[in-house]
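Engineer:
In our numbering, the protein residues as written are 951 to 1175.
(1) Give the secondary structure of residue 1111 by DSSP, where H, G and I count as helix, E and B as strand, and everything else as coil.
(2) Are the beta-carbon atoms belonging to residue 1102 and residue 1086 less than 8 Å from one another?
(3) Name, in chain order, the residues that DSSP records as bridge partners for residue 976.
(4) For residue 1084, does the count of other Cβ atoms within 10 angstroms reach 16, so buried, or fall short, so exposed?
(5) For residue 1027, which of helix, strand or coil comes out of DSSP?
(6) Please state the DSSP three-state secondary structure of residue 1042.
(7) Using 10 angstroms around the beta-carbon of residue 1140, count the other beta-carbons present and answer buried if the total reaches 16, otherwise exposed.
(8) In angstroms with no decimal places, state the Cα-to-Cα distance between residue 1047 and residue 988.
(9) Could you tell me which residues DSSP puts in a beta bridge with residue 1138?
(10) Would residue 1033 be called buried (16 or more neighbouring beta carbons within 10 Å of its own) or exposed?
(11) With three or more C-beta pairs closer than 8 Å as the rule, is the segment 996 to 1004 touching the segment 955 to 965?
(12) Between the segment 1010 to 1027 and the segment 1039 to 1054, do at least 3 Cβ pairs fall closer than 8 Å?
(13) Just the Cα atoms here: how many angstroms apart are residue 1178 and residue 1105?
(14) According to DSSP, residue 1036 sits in a beta bridge with which residue or residues?
(15) Answer yes or no: the CB of residue 1104 versus the heavy atoms of the ligand COA, is any distance below 7 Å?
(16) Just to confirm, are residue 973 and residue 956 a CB contact at a threshold of 8 Å?
(17) For the segment 1107 to 1126 against the segment 1075 to 1082, are there 3 or more C-beta pairs whose distance is under 8 Å?
(18) Which residues mark the beginning and the end of the alpha helix (DSSP H) in which residue 1016 is found?
(19) Could you pull out every residue in the same chain whose Cβ sits closer than 8 Å to the Cβ of residue 969, ignoring the five residues on either side in sequence?
(20) Got a sec: is the Cβ-Cβ distance from residue 1000 to anything in chain B below 8 Å?
(21) Give me the Cβ distance between residue 1007 and residue 981, rounded to the nearest whole Å; I'm assuming they're in contact under 8 Å.
And the structure:
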């Protein structure tokens, strides 16, 4: 239908299964903090996600090491967890940017994360990163967050870049709405924001009204008797 990509920013397998049934989900993003909160061994949590998702759905896992050699080693390990559509998240530190450049040359799929400025995101794309994850809410807290993300989208479009902006660190649906309207290619949302995107109270009020009117007229709550 479209090229927009929706990801779930969680390692909660029950929430993943429920939302994947409700929505056209392209995959899951995780990071060290998300996996640490799962109360499971991190590789066990990732294993459950890998076992659940179809091969065409993407899974993103982040390196923990901060030195260049450690980042590269962990990235290769993560990439090997799955035959296809396994993406490695790497923060845009100096060592991270060096690693992205090398790993993409090796064929490892990279997402540049911890992005706080359009310039840093653009440079990561120029190093070969396939996805960029600007931290939307955190950028807003520093000021100019939405403007910077929109600038990044425009900068990549002007250069005909194939890199996609995958907005992250959302705190509310308004932030998601604004960036979709601005043409962002992908977003990853926490569980509460995902449910809020489809949870307007007016929907159930309307459904209850339809049901009540139908039952009053026909004495049943189904189309056919």
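Every residue, glycine too, gets a C-beta built ideally from N, C-alpha and C.
Structural biologist: Let me spell this out:
(1) coil
(2) no
(3) Looking at the DSSP assignment, residue 976 forms no beta bridge with any residue, so it has no partner.
(4) buried
(5) In the structure shown, residue 1027 sits in a helix (DSSP, three-state: H, G or I).
(6) Coil at residue 1042, not helix or strand.
(7) buried
(8) Roughly 28 Å separates the two Cα atoms.
(9) 957
(10) exposed
(11) yes
(12) yes
(13) Here the chain comprises residues numbered 951 to 1175, so residue 1178 is not present and cannot be evaluated.
(14) Beta bridge pairing from DSSP links residue 1036 with 1009.
(15) Among the ligands in the structure shown, none appear at all, so the ligand COA cannot be discussed.
(16) The Cβ-Cβ distance between residue 973 and residue 956 falls below 8 Å.
(17) yes
(18) Residue 1016 -> no alpha helix (DSSP H), and no H or E assigned at all.
(19) 958, 975, 1141, 1144 and 1145
(20) In the displayed structure, chain B is absent; only one protein chain is listed.
(21) 18 Å between Cβ atoms; not a contact.
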